[in-house]
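First comes the structure, then the notes that go with it.
In this note's numbering, the protein residues as written are -13 to 208.
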């Protein structure tokens, strides 16, 4: 086997084995005393991204994690459930507002007003005072029922809006624990890992006994 074919075969074997670490990183925090320069802006940072198999890690400022050109969070099930809850609450809010529109007190008052006026203008409906009082009492009860329904819906809407506000705040402040690097960034990490590995192997080889030729120990003859 020729020497030139060996590196090619080693490279092919590495490709078949897959990358030395996956594009899945876990967020870690270290103490401020252990802060190191951020790989992007070189400012001190106590935030570390570590690959799942711990073969790669680097320090990064939390603000860079908000840039999708650098990394994107891996959304857990708990985060997706929050979004589902917000969707359901929004649907409930829309329904409550629609129901409140039909139960507004002024609609009940207008209904009573037109009924009483129509009864007063039509001679056939002017029977006696007892019938009028009975009709008026019934309309007042209906009016109270309408206001009661409206107030109940109003209270339920206030509760749902407060719940919606809290859920949206949870989403806004959600702390992601896993990230995927943008492909170019990830490839650069792989290249850096391979370069470091090669330099380490080269350094170890240089330190091996017999790597450099030794000076002859016998006397040279003229």
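Note that beta-carbon positions come from the ideal geometry of N, C-alpha and C, so glycine has one too.
Item: If we count the other Cβ atoms within 10 Å of its Cβ and call it buried at 16 or more, is residue 42 buried or exposed?; Value: buried
Item: Is residue 188 helix, strand or coil by DSSP?; Value: helix
Item: Only counting the same chain, and skipping five residues up and downstream in sequence, which positions put a Cβ closer than 6 Å to that of residue 22?; Value: 45
Item: Beta-carbon within less than 8 Å of residue 146's beta-carbon, same chain only, minus the 5 sequence neighbours each way: which residues are those?; Value: 75, 78, 79 and 82
Item: Grouping DSSP H, G and I as helix and E and B as strand, with all else coil, what is residue 210?; Value: This structure leaves residue 210 out entirely; the chain is present only between -13 and 208.
Item: Give me the residue from 20, 48 and 149 with the minimum Cα distance to residue 164.; Value: 48
Item: By DSSP, does residue -13 sit in helix, in strand, or in coil?; Value: Per-residue confidence for residue -13 stands at a pLDDT of 48, beneath the threshold of 50, marking its modelled position as unreliable; the derived number appears in the next sentence. Coil, per DSSP.
Item: Could you tell me how far apart the beta carbons of residue 10 and residue 172 are, in whole angstroms, since I believe they sit closer than 8 Å?; Value: 10 Å between Cβ atoms; not a contact.
Item: Count the other C-beta atoms from every protein chain shown that fall within 10 angstroms of the C-beta of residue 14, then say buried if there are 16 or more, exposed otherwise.; Value: exposed
Item: Decide if the stretch 136 to 152 is in contact with the stretch 51 to 64; the criterion is three or more beta carbon pairs, one per stretch, under 8 Å apart.; Value: no
Item: Would you mind giving the Cβ-Cβ distance between residue 167 and residue 85, rounded to the nearest angstrom? I have them listed as a contact below 8 Å.; Value: Residue 167 to residue 85, Cβ: 48 Å. No contact.
Item: Return the chain-ordered ranges of every alpha helix (DSSP H) run that is complete within the stretch 20 to 100 and spans a minimum of 4 residues.; Value: 63 to 88
Item: In chain order, what residues of the same chain have a beta carbon less than 7 Å from the beta carbon of residue -13, not counting five sequence neighbours either side?; Value: The predicted model places residue -13 with a pLDDT of 48, which falls under 50 and marks its position as unreliable; any figure quoted below should be read in that light. Cβ neighbours of residue -13 beyond the five flanking positions: none.
Item: For residue 165, list the residues DSSP reports as bridge partners.; Value: 11 and 59
Item: What do you reckon, are the CB atoms on residue 209 and residue 153 nearer than 8 Å?; Value: No answer is possible for residue 209: it lies beyond the span of the chain, which begins at -13 and ends at 208.
Item: Residue 31 to residue 51, Cα distance in whole Å?; Value: 13 Å
Item: Mind checking residue 181: buried by the 16 CB within 10 Å criterion, or exposed?; Value: exposed
Item: Would you say residue 41 reaches chain D, if we count a Cβ-Cβ gap shorter than 8 Å as a contact?; Value: Checking the listed chains, one finds no chain D in this structure; it contains a single protein chain.
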